[in-house]
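> First, the structure itself, so that you have it in front of you.
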């Protein structure tokens, strides 16, 4: 429980374009029940109908970030105390491991990696893509920086709350 004079911890939730993203509200609810403040950063593709953006903004009380802010604009979120990537896609994992920061979501992940900010990841990658050597190498590289991965999604229940367990 947060003391009255302390700010609640701030969690960044990075959402990628996978069908399971429609359930991200479950993760946000679980985080809020654990007394996290939540800000959502989505990949540009995820913003195209993969989840209910209006519902997520209402739930968090904050705008979803998906694009870079202009120079001089205030930072809309405080620095994160932890970051969760759920669902994480093949594309995001590989670009992140390679240090490619061509979206706000990837730039944020690249920046927090190695800064001591706990990062937890729940992947949503097909069996075929998960077998790709670049993906396996990316997992090894990211784990080597301290990124924590939950078990891969195998269908059925996604287990959103497990992402919080990885960062607490």
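Numbering (the working numbering), first residue to last: 70 to 237.
In this text, a Cβ means the ideal position worked out from N, Cα and C, and glycines have one as well.
Is it true that the CB of residue 97 sits closer than 8 Å to the CB of residue 129?
yes
> Report yes or no: do three or more beta-carbon pairs, one from the region 220-232 and one from the region 128-143, lie closer than 8 Å?
no
> May I have the straight-line CA-CA distance separating residue 102 from residue 199, to the nearest angstrom?
32 Å
> Between which two residues does the beta strand (DSSP E) carrying residue 79 extend?
79-84
> Determine, using beta-carbon pairs with one atom in the region 102-122 and one in the region 196-216, whether at least three such pairs fall under 8 Å.
no
> Within 10 Å of its beta-carbon, does residue 207 have 16 or more other beta-carbons around it, so buried, or fewer, so exposed?
buried
> As a quick exercise: from 120, 189, 178, 234, pick the residue whose alpha carbon is nearest that of residue 166.
178
> Which whole runs of the beta strand (DSSP E) in the region 176-213 are 3 residues long or more, in chain order?
188-192
> Going by DSSP, which residues form a beta bridge with residue 110?
83, 134
> Does the beta-carbon distance from residue 232 to residue 189 come in below 8 Å?
yes
> Residue 191 to residue 155, Cα distance in whole Å?
Taking the straight line from one Cα to the other gives about 5 Å.
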